[in-house]
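Written out below as structure tokens is the structure these notes cover.
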Amino acid sequence: MDLASISYQDFKEISSKRFEEVPVHYFFSKEQKEEVYKKLGVTDKTAKDKLFLALDGVVLKSEAHKLKSYFEWYNRSIEVLHKRENFLYQMFYYEFGNHEAHINYTYEDVFKDFAIDTDDSLVVKAYKKAQKDHWKYVNDNDCF
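Numbering (this note's numbering), first residue to last: 1 to 144.
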């Protein structure tokens with residue numbers, strides 16, 4: 001993966017595929033919990049010793065290194081990518097169209113949510129350009 005030229009959408013796809021390799025297990029009901037525990041060979045009594053909570057799911061402690069490795073890779077990548085104005089622009093523009101990000105009134109609120117430095121002029125410039133282009137697209141295409 002070439003961090004010097006990768007697009008936001010390509011990075012998003014690659015990072016999603018890599019995350020799918022991380023063995024995080026989710027459950028939202030008692031039945032699902034029982035299924036996950038059975039699959040992992042865990043009981044209510046052994047869960048505390050064998051599992052830890054991660055990302056609203058559980059990970060076997062014996063496989064926690066995979067989650068750690070993913071986040072180390074992701075954080076190193078983001079550190080490089082957030083120095084590229086075009087990547088930042090693509091990121092903001094995509095997310096404006098992807099969900100309700102465009103309803104935020106100030107970029108400071110958005111940056112705070114994503115732990116992005118509000119004093120970084122490159123980030124602010126990319127954000128404002130993406131916001132302007134997004135609203136132009138919305139208005140030109142009668143999206144409301």
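Yeah, the Cβ is synthetic: ideal placement off N, Cα and C, and Gly gets one too. Given the structure is predicted, the values throughout are model-derived calculations rather than measurements.
Burial state of residue i (16 or more Cβ within 10 Å)
i, result
"Met91", "buried"
"Val80", "exposed"
"Leu55", "exposed"
"Phe87", "buried"
"Ala4", "exposed"
Check: residue i C-beta below 7 Å from any heavy atom of the ligand ZN
i, result
"Arg76", "Absence of the ligand ZN is noted for the structure shown, with no ligands found whatsoever."
Range of the contiguous beta strand (DSSP E) that encloses residue i
i, result
"Val58", "57-60"
"Ala47", "Segment 47-50 is the alpha helix (DSSP H) holding Ala47; no beta strand (DSSP E) there."
Contacting residues, own chain, Cβ-Cβ under 6 Å from residue i (five flanking each side not counted)
i, result
"Gly57", "Val24, His25, Tyr26"
"Ser121", "none"
Residue interval of the alpha helix (DSSP H) (run including residue i)
i, result
"Phe28", "That residue, Phe28, is in no alpha helix (DSSP H); it is neither H nor E in DSSP."
"Leu81", "64-81"
"Ala130", "121-140"
"Ile116", "Here Ile116 belongs to no alpha helix (DSSP H), and DSSP marks it neither H nor E."
Distance CB(residue i)-CB(residue j) smaller than 8 Å
i, j, result
"Val36", "Leu67", "no"
"Leu53", "Leu40", "no"
"Arg18", "Tyr70", "yes"
"Ala126", "Glu85", "yes"
Neighbourhood of residue i by C-beta distance below 7 Å, restricted to the same chain and skipping five residues each side
i, result
"Asp140", "none"
Spell out a yes or no on whether the segment 9-20 and the segment 44-54 are touching, meaning 3 or more CB-CB pairs, one atom from each, closer than 8 Å. no
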